[in-house]
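First residue of the sequence shown: 6, per the numbering used here; consecutive thereafter. First up is the structure itself, then whatever we jot down about it.
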Amino acid sequence: MYEKRIDRLFPRPAFMKEVRKAETNQRFIIEIASFIVFFLVYFKLTKMGGAYIKTMDTTAWPVGSPEAVINFLNFIGIAGAIACCWFIEKRRPRGLGYVKAGLGGEYLVGIATGFIGFVACVGFGMLAGVVKINGLMPDIAWGGILFLFVSYMVQGMTEEVITRGYLMVTLSQKLPIWASAGISAAFFSLAHIKATGLSFLPLFNIFIIGVFLALVILRRGSIWMAAGFHTAWNFTQGNLFGFSVSGHEKSAAILSAQIAEGNPILTGGSFGLEAGIFTTLTAMVLIIIVLLVKPIDRSAQA
């Protein structure tokens, strides 16, 4: 009875059922070790690339371009994840959640959900008196804003394919699906530890957002909505409102907004609003909503 309830909450989508099972524990260990090596190489390359760009004279570059170029470096992660799964696990891109059916619609639903989700956090902050919107920024660099949005499409997809399309699916070959989702969410949270430090609330918020995104993939049957959500969530906080994203200051924004100093439980402190209690509440509501929506069966879809 208990197991059936868990299975209903964490259904195994068609694309995960099609993934070849690791025949032995030894094979499974090799696949996990391969993921760790891949992630360390990806992390090192993107950090080196980002550090190099920061040493360059970018004063003549369009507004937001250095930040966008750093985001585009994450494409290494997408290509690397697909290559590792293809050659080591014999997994096609579909086995990472790249299901053709519903591509555009699911992605747009994700964009809308990510936007609404973070706007809700801002709304809570305004009601509590810790967030203030002053109006539009003067001389908005629309070209730079658009370039940044496209770069966040790459960055958001990269984090989804690595933590959930790659890691979660690999773990699910030997572990229960709920455990695979939880471990991938914990990995997602710990991957931000340099920015969060050991502060509990930021790490917890990223963890529950990771659980939400895992549920989205499991219950929607593809990676598209999760990737769209991730893109819009980061873009909305960083380049719509101009807030810090995971501890990183943004260079271009549409709105002039400010967060009150002090009381990091409400404001998120230097990490940004997503490290505050309003994000905790929003993420929990999102989890409840995705659990209430009937899962999509894509077993007959390409």
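C-beta: ideal position from N, C-alpha, C; glycine also. Here the structure is a predicted model, which is why all the values come from computation and not from measurement.
#1: Use the C-beta contact count for Q31: other C-beta atoms within 10 angstroms, 16 or more gives buried, fewer gives exposed.
#2: Looking only at C-alpha atoms, which of V290, L271 and N239 sits nearest to M131?
#3: Would F44 and R99 qualify as a contact pair, given that the criterion is a beta-carbon distance under 8 Å?
#4: Considering only the beta carbon of each residue, do G115 and L78 sit closer than 8 Å?
#5: Which whole-angstrom value describes the C-beta separation of E279 and H235, a residue pair presumed to lie in contact below a C-beta threshold of 8 Å?
#6: Quick one: Cα of A237 to Cα of T118, how far?
#7: Indicate whether T287 and A125 have their beta-carbon atoms separated by less than 8 Å.
#8: Smallest Cα separation from L220: which of G170, P207, I259 and A257?
#9: Quick one: complete beta strand (DSSP E) runs, 3+ long, within the segment 114-164?
#10: According to the neighbour-count rule (16 or more other Cβ atoms, all chains shown, within 10 Å of its Cβ), is Y157 buried or exposed?
#11: Starting from the N-terminal side, write out each stretch of the alpha helix (DSSP H) that is 4 residues or longer and does not extend beyond the segment 218-265.
#12: Go ahead and label A265 buried or exposed: buried means 16 or more other beta carbons lie within 10 angstroms of its beta carbon, across all protein chains shown.
#13: Here's a check: name, in chain order, each residue in its chain whose Cβ is nearer than 6 Å to the Cβ of S185, leaving out the five neighbours to either side.
#14: Assign S189 to one of three DSSP states: helix, strand, or coil.
#15: For Q160, which of K179, G226 and F48 has the nearest alpha-carbon?
#16: Using 8 Å as the threshold, is the segment 223-233 in touch with the segment 104-111, meaning 3 or more CB pairs across them?
#17: Can you tell me the Cα-Cα spacing of S261 and F240, whole angstroms?
#18: Whole angstroms is fine: what's the gap from I167's alpha carbon to F40's?
#19: Where does E94 fall in DSSP's three states?
#20: Name the residue from K95, P181 and A231 whose alpha carbon lies nearest to the alpha carbon of R17.
#21: Under three-state DSSP, which class holds P71?
#22: My understanding is that A258 touches M142, with C-beta atoms under 8 Å, so please give their C-beta distance in whole angstroms.
#23: Got a sec, what are the start and stop residues for the alpha helix (DSSP H) A284 sits in?
#24: Tell me the residue span of the alpha helix (DSSP H) that contains V46.
Checking against the coordinates, here is how it stands:
#1: Under this definition Q31 is an exposed residue.
#2: Residue L271 is the option with its Cα nearest to M131.
#3: no
#4: no
#5: The Cβ separation is near 12 Å, so there is no contact.
#6: So the alpha carbons of these two residues sit roughly 8 Å apart.
#7: yes
#8: G170
#9: 136-141
#10: buried
#11: With a minimum length of 4 residues, the continuous alpha helix (DSSP H) runs that stay inside the segment 218-265 are 229-240.
#12: By the 10 Å Cβ count, A265 comes out exposed.
#13: M173, L176 and S177
#14: DSSP places S189 in helix when its eight states are reduced to three.
#15: Of the candidates K179, G226 and F48, the one whose C-alpha sits nearest the C-alpha of Q160 is F48.
#16: yes
#17: 15 Å
#18: 9 Å
#19: coil
#20: P181
#21: helix
#22: 6 Å
#23: Ala is not the amino acid found at residue 284; the sequence shown has Thr there. First-last of the alpha helix (DSSP H) with T284: I282 to L297.
#24: N30 to T60
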